[in-house]
Amino acid sequence: MVQEAKMTDQYRTDGKARFDDIYDMPDPRAYFDALGPLNYDIPQQAMPIFTRLLERHRARFSAGAGVLDLCCSYGINAALMRSDLTLNDLTSHYTDPSVANLSPEEMARADREFFAQHRRPNGPRTIGLDAARNAVSYACQAGLLDSGLAEDLENNEPSSQFAETIEGVELITTTGGVGYITDRTFGRILQALPEDSTPWVAAFVLRMYSYDEIAIRLAEHGLVTEQLPGVTFHQREFASDEERDSTLRAVRARGLDTADIEEKGSYYATLFLSRPAADVDAEPIEKLLGDITTAR
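When you read off a place in the sequence shown, starting at 1, and then add 1306, the result is the number in the numbering used here.
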């Protein structure tokens, strides 16, 4: 039987509603039950971007190369990158009444078969990092992640196997982790990579948060950060009036206009892409991604 989880009535210090109860369940059903009604869709918003980055440098993404997804949760980004499924497909799958009474173990076995049927033959090797041990474990059991790292790099140094696990990573992604993780996590990840490693970092960041400290840390490792100008990406609807009000205050405090963006009732994110200077000079972010974002 699926374990029920309810959103707590408490708020984080940044004003966001706490969804702690759903982030580390034995399987993703409660997660999708809670976030589906809020039209959570940032992974789907991000997928054309990640696909373009993978396609543009497919030579770099050889058999041994991989993607490291930060705050990977139950492997949602990995599922979208490695299959022909959409986020709506995943929501329908996990909220279908036919799976409501499965045990977590039965759900994982069903998912292995389900995702195997939809897997892309050329999907990238995926590694997930998240402090939520149950979520990471499930993503590995379901076959969404090739490797999972249940580690809290905000507060701890990487484990002894961390560097070996992320060897060969060429793209680091996150679609909502910033705010939970800071430059400390990014710095520890890059420190664990070989000195000659030059991964790209693609981060979708809620507009209430600054990316400056992370960009500075990435620059220490030879990566130049660009923000995709003039484009915002829907993340999810606000869970309450309190969440809306605190977010509007936070975004405005950063000197940003909320009209026709957060005032519509949702979180919105911007995209930051960090790459070696030579890659930036060869193809600035607007040239790299402009045709995708103008079609939105």
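Where is the CB? At the ideal position from N, CA and C, for every residue including glycine. Nothing here was measured: the structure is a model prediction, and the numbers come from that model.
With contact defined as three or more Cβ pairs closer than 8 Å, the segment 1324-1337 and the segment 1395-1411 are in contact.
If you look at P1349, you'll find it in the alpha helix (DSSP H) that goes 1348-1362. Here DSSP, grouped into helix, strand and coil, assigns Y1574 to strand. Annotation note: the segment 1455-1540 contains the following uninterrupted alpha helix (DSSP H) runs of length 4 or greater, listed N- to C-terminal: 1468-1471, 1489-1498, 1518-1525. Contact check between the segment 1502-1521 and the segment 1571-1591: three or more CB pairs, one atom from each, fall below 8 Å, which counts as touching.
The criterion of a C-beta distance shorter than 8 Å is not satisfied by F1338 and S1389. DSSP, read as helix, strand or coil, puts T1553 in helix. Beta-carbon to beta-carbon, V1530 and V1475 are separated by about 18 Å, too far to satisfy the 8 Å threshold. With fewer than 16 neighbouring CB atoms inside 10 Å of its own CB, A1588 falls in the exposed class. Rounded to whole angstroms, F1544 and R1581 show a C-alpha spacing of 32 Å. Taking one beta carbon from each stretch, the segment 1551-1558 and the segment 1517-1526 have fewer than 3 pairs nearer than 8 Å; the two do not touch.
In the structure shown, the three-state DSSP call for D1402 is coil.
In the three-state reduction of the DSSP assignment, S1409 falls in the coil class, being assigned neither a helical nor a strand state. Between I1472 and L1374, the beta carbon gap of about 6 Å places them in contact (Cβ cut-off 8 Å). Exclusion of the five residues before and after S1572 leaves H1540, E1543 as the residues of its chain whose Cβ lies within less than 6 Å of its Cβ.
With a threshold of 16 other beta carbon atoms within 10 Å, T1357 falls short and is exposed. Boundaries of the alpha helix (DSSP H) around D1585: 1583-1588. In terms of Cβ geometry, I1478 and E1532 do not form a close pair [threshold 8 Å].
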